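Residues 1 to 77 in our numbering are what the sequence shown spells out, letter by letter.
Data first, discussion second: the structure below is written as structure tokens.
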Amino acid sequence: MNVSALSEWMIAYVSITLAAVLLCAVYSDIRRRRFEPKETDDHVFRCSDCAFVYTDDPTVDRARCPQCGCMNDKFNF
Ligand SMILES: [Zn+2]
């Protein structure tokens, strides 16, 4: 096997790996949107005291941390 054939194999290998990773990402994204629509509606909270991340109903603006009981505002990404 000469050098150019080796580099062609490497390009093919990298392309296939990237395509597989991309397909996995798209597939898991579709799965998540289809099967977990409620989780995206929930507000995400991050405790300012103990840094614990948790979710609560979208109707509440403030929620109590289940770890330390501290009240926290909605966390915006
Ligand atoms: Zn906390």
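For each residue, glycine too, the CB sits at the ideal point set by N, CA and C.
Being a predicted model, the structure only gives us computed values, none of them experimental.
For this session: Could you give the DSSP three-state label for residue 53: helix, strand or coil?
Result: If you number the sequence shown from 1, residue 53 lands on position 53. Strand.
Exercise. To the nearest angstrom, how far is it from the Cα of residue 71 to the Cα of residue 29?
Worked result: Locating residue 71 in the sequence shown gives position 71, counting from the first residue. Locating residue 29 in the sequence shown gives position 29, counting from the first residue. Between the alpha carbons of residue 71 and residue 29 lies a gap of roughly 32 angstroms.
Exercise. What residues match up with residue 45 in a beta bridge as DSSP calls it?
Worked result: Locating residue 45 in the sequence shown gives position 45, where the first residue counts as 1. Beta-bridge pairing links residue 45 to 54 and 74.
Exercise. Which residues have their C-beta within less than 6 angstroms of a heavy atom of ligand 1, listed in chain order?
Worked result: Here the residues come out as 47, 49, 50, 52, 65, 67, 68 and 70.
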